[in-house]
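Quick notes on the structure that follows.
Protein chains: 2
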Amino acid sequence: MNLKQLSHMLALSQTTVSRALNGYPEVNEETRRRVIDAAKRHGYRPNPSARRLATGKTGMIGYVLPTGTTVDIDPHFVEFLSGLGDYARSHELDLVLSPADADDQETTYRRIVANRQVDAVYISSPRPADRRVALVSTLGIPFIVHGRSEGLDFDYPYTDIDNEGAFHEAARLLVQLGHRRLALINGDDRETFAIHRERGVRRALAASGLALGEGHVCSLAMTEENGYRAARRLLERSDAPTAIACSSLIMALGVVRAARDLGLTIPGDLSLIAHDDVFPWLKPENFSVPLSTTRSPIRLAGARVAERLAARISGLEEGARGEVWPVDLVVRGSVAGARA
Amino acid sequence: MNLKQLSHMLALSQTTVSRALNGYPEVNEETRRRVIDAAKRHGYRPNPSARRLATGKTGMIGYVLPTGTTVDIDPHFVEFLSGLGDYARSHELDLVLSPADADDQETTYRRIVANRQVDAVYISSPRPADRRVALVSTLGIPFIVHGRSEGLDFDYPYTDIDNEGAFHEAARLLVQLGHRRLALINGDDRETFAIHRERGVRRALAASGLALGEGHVCSLAMTEENGYRAARRLLERSDAPTAIACSSLIMALGVVRAARDLGLTIPGDLSLIAHDDVFPWLKPENFSVPLSTTRSPIRLAGARVAERLAARISGLEEGARGEVWPVDLVVRGSVAGARA
DNA sequence: GAAAAGAACCAAAGCGCTTTGGAAGACTCT
DNA sequence: AGAGTCTTCCAAAGCGCTTTGGTTCTTTTC
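Chains as they are written, first to last, in the working numbering: chain A, 10 to 349; chain B, 10 to 349.
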């Protein structure tokens with residue numbers, strides 16, 4: 010059932026039927042009712058391919074997915090996707106993942122914009138002076154950055170959490186508990202979120218005349234194994250930290266294992282705080298010693314990004330407003346006062 | 010730059026240019042070279058919206074993503090996606106995720122087929138008599154099932170791993186080591202993979218005149234917490250198992266924690282084997298006691314599914330061939346002979 | 001009561017591609 | 001040389017929608 014058939018059936022022109030269906034004003038309400046009714050009764054659904062050829066609108070939002078045999082997709086992605094998908098569903102949007110060579114995403118961005126494959130895109134895991142942000146911005150497609158870049162000479166719309174504030178608070182608490190030697194087991198510090206977290210820790214330490222010791226900050230892919238290795242390396246030093254801030258729950262698993270292997274107790278010998286993006290399948294309160302966390306459900310961020318993308322597509326949102334969400338510090342058993 | 014401009018520039022008809030570009034035979038090789046060259050030089054890329062309107066081909070594969078505030082996307086998804094994406098990239102395919110109400114995916118399947126939004130779809134986490142498989146089959150869109158359904162009265166193409174065989178082998182090993190009371194901590198047993206695994210365990214036990222004790226099989230969402238709870242419940246019974254087979258590495262984390270809480274050692278008091286889909290961020294060899302696993306990289310499955318979808322789209326594959334991959338049993342420190 | 005304004009509808013022109021159904025010229029065959 | 005066969009190209013008809021630029025009435029305005 011296409012428009013032609015439907016309009017013929019109603020003895021109306023395609024123009025009028027199309028307008029009736031799309032809510033244009035220049036059509037009699039009585040007629041509109043008839044049209045809508047007939048459309049529903051015959052299950053008419055406008056062909057999206059035809060519509061997008063005519064309008065350029067696709068009803069899809071895009072994401073360039075870096076791939077490659079050596080490239081691992083972050084498990085956070087799935088939670089973010091849950092939120093994004095949930096919102097997208099309620100607004101009849103689909104998400105298209107365009108796989109790209111991790112080292113050349115630019116080609117893919119250009120393609121999806123040139124081809125008008127999506128109405129908007131989002132960018133995740135931004136880095137300082139992120140070229141993708143600059144590119145997408147000049148290409149003129151609506152977009153939202155999940156996270157922030159830095160050192161770009163223009164503004165852009167983003168939704169981020171207060172990574173610096175979160176880790177500042179976490180470190181401040183540890184310092185107040187008497188810890189003097191902190192360490193940070195961070196994610197990839199080419200990404201802005203990691204830079205912000207380190208900055209937060211340093212700022213908190215500096216406020217008490219302290220600093221992150223040489224070699225007391227690690228930057229690694231967020232795997233259990235890397236958490237273990239980093240913790241081991243740190244804890245076997247002569248100036249081993251008495252407290253660790255950790256960028257992910259998965260890494261924290263490794264930290265806990267390292268402490269156990271070394272016969273250290275948490276929080277007796279080591280205080281630990283990790284960032285929790287809130288996974289349904291791994292909860293900080295269920296760690297052998299309940300884990301203190303800086304907490305921010307990444308699923309909510311996904312929903313928010315979808316919401317803003319939808320708003321930008323429909324022209325309800327414009328400009329370059331960035332928003333930064335506060336992060337909760339949730340104190341559980343894994344922190345304690347430093348040994349005298 | 011569109012076809013009209015390009016053909017005008019070359020003083021050729023749109024027909025010829027189109028054919029030259031799409032490799033049709035009825036065009037002079039010299040002309041073809043000219044056309045291809047000019048297209049490249051001017052960066053001509055056919056507009057996909059127009060092409061899909063004309064041909065019905067979209068260059069996209071679809072996946073219906075169940076969503077909802079209470080619906081959690083499996084973290085396995087991300088690994089599967091890595092493989093799928095990697096293959097899709099090399100074949101210029103995009104993946105479109107259509108979010109759907111978890112309780113009504115049918116509407117979404119019908120929509121994406123009726124609208125010709127994708128060239129093929131894949132279905133994951135199938136259940137016995139899965140309605141999606143039946144639906145997609147009657148809708149007549151190319152598809153591959155990742156996993157298997159059961160009790161359907163028709164054949165369909167699928168790629169699955171030998172879950173039954175894997176857990177059969179695992180259980181057989183445990184029995185050979187002298188274990189008499191096994192337990193199975195399984196995933197959601199409404200899904201076929203879980204049913205197959207249970208079947209494998211039962212078959213291995215039956216071969217030695219044993220059986221899964223009443224209450225010795227749990228079926229839960231695969232989270233750390235559920236692994237812990239299930240293990241605790243099992244290990245506190247008077248007829249506590251001396252060996253556990255577990256459907257996921259994440260649940261196994263919980264099992265290990267439960268054992269520790271109860272003062273049980275692995276493998277001294279409890280042998281443990283889990284299934285490993287191979288995550289980059291959590292490895293069985295890094296468990297406090299290296300974990301024995303049935304191992305099958307889900308990323309490979311993703312790539313294979315993409316490959317078969319591409320083949321079906323281009324007509325290279327047809328029919329209903331199902332393929333079942335063997336699973337490796339990797340023995341590490343977490344299994345030992347049963348106490349006398 | 002003529003002119004202007006408004007309401008409701010329509011024919012047809014895109015959107016940019018593929019594909020059908022030729023057509024013109026060059027070649028082969030008898 | 002005339003008929004048939006290739007080879008190579010083209011004009012035009014879709015694909016199914018939206019949108020431009022009307023037209024035809026009916027209603028309002030002075």
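Every residue, glycine too, gets a C-beta built ideally from N, C-alpha and C.
Annotation: Cβ neighbours of Arg125 (chain B) in chain A (cutoff 9 Å, chain order): Asn56, Pro57, Ser58.
The beta-bridge partner set that DSSP reports for Met69 (chain B) consists of B:Asp103. Taking 8 Å as the CB threshold, Tyr237 (chain A) lines the interface with chain B.
Here the alpha carbons of Glu88 (chain B) and Ser257 (chain A) stand approximately 19 Å from one another. Cβ contact annotation for Leu90 (chain B) (same chain, cutoff 7 Å, sequence separation greater than five): Gly311, in chain order. Assignment of beta-bridge partners to Leu291 (chain B) by DSSP yields B:Phe288. Put simply, the stretch 211-221 of chain B does not touch the stretch 229-241 of chain B. Fewer than three CB pairs are less than 8 Å apart. Taken through DSSP and simplified to helix, strand or coil, Leu30 (chain A) comes out as helix. Under the three-state reduction of DSSP output, Ala192 (chain B) falls in the strand class. Taking 8 Å as the threshold, the shortest C-beta distance from Pro108 (chain A) to chain B falls below it.
The distance from the Cβ of Ala347 (chain A) to that of Leu193 (chain A) is about 17 Å, inconsistent with a contact at the 8 Å cut-off.
Of the candidates A:Ala329, A:Phe296, A:Met69, A:Thr24, A:Phe296 places its Cα closest to the Cα of Arg269 (chain B).
Of the candidates A:Asp169, A:Ala123, A:Ala138, the residue whose Cα lies closest to the Cα of Leu148 (chain A) is A:Ala123. For Asp270 (chain A), the enclosing alpha helix (DSSP H) begins and ends at 258-270. Fewer than three beta-carbon pairs drawn from the stretch 290-306 of chain A and the stretch 105-118 of chain A are found closer than 8 Å, and the two stretches are therefore not classed as touching. Taking 7 Å as the cut-off between beta carbons, the residues of the stretch 275-297 of chain B near chain A are Pro289, Trp290, Leu291, Lys292, Asn295, Ser297, in sequence order.
Between Asp169 (chain B) and the set B:Arg141, B:Leu191, B:Tyr131, the nearest pair of CA atoms involves B:Tyr131.
With a cutoff of 8 Å on beta-carbon distance, Leu183 (chain B) and Leu191 (chain B) are scored as near each other. In the three-state reduction of the DSSP assignment, Pro57 (chain B) falls in the helix class. Taking a cut-off of 8 Å for Cβ pairs, the stretch 244-264 of chain A and the stretch 280-293 of chain A touch, as three or more such pairs fall below it.
Under the Cβ criterion of 8 Å, Glu39 (chain B) is not counted among the residues facing chain A. For the stretch 99-155 of chain A, the full-length beta strand (DSSP E) segments reaching 3 residues or more read 103-110, 129-133, 152-155 along the chain.
For the pair Met231 (chain A) and Gly196 (chain A), the CB atoms are nearer than the 8 Å cut-off. Interface with chain B (8 Å Cβ-Cβ cutoff): Ile45 (chain A) is excluded.
Each of B:Ile307, B:Arg266, B:Asp128 was checked against the Cα of Phe288 (chain B), and the nearest Cα belongs to B:Ile307. Closest in C-alpha terms to His155 (chain A), from the list A:Glu326, A:Glu327, A:Ile322, A:Leu309, comes A:Leu309.
Interface with chain B (8 Å Cβ-Cβ cutoff): Ala216 (chain A) is excluded.
Here Leu15 (chain B) is buried. Its C-beta has 16 or more other C-beta atoms within 10 Å. In terms of beta-carbon proximity, Arg98 (chain B) lines the interface with chain A, with at least one pair separated by less than 8 Å. For Ile170 (chain A), the uninterrupted beta strand (DSSP E) run begins and ends at 167-170, by DSSP. Of all alpha-carbon atoms in A:Pro55, A:Asp83, A:Tyr53, the one lying nearest the alpha-carbon of Glu233 (chain A) is that of A:Asp83. Assigned with DSSP and collapsed to three states, Thr79 (chain A) falls in coil, not helix or strand. Excluding the 5 residues flanking it on each side, Arg317 (chain A) has same chain C-beta neighbours closer than 8 Å at Ile153, Pro166, Thr168, Glu326, in chain order.
Assigned with DSSP and collapsed to three states, Glu178 (chain A) falls in helix.
With respect to the C-alpha of Asp81 (chain A), the residue from B:His85, B:Ala48, B:Glu35 having the closest C-alpha is B:His85.
Along the stretch 77-91 of chain B, the positions whose C-beta sits under 8 Å from a C-beta of chain A are Gly77, Thr78, Val80, Asp81, Ile82, Asp83, Pro84, Phe86, Val87, Glu88, Leu90, Ser91, read in chain order.
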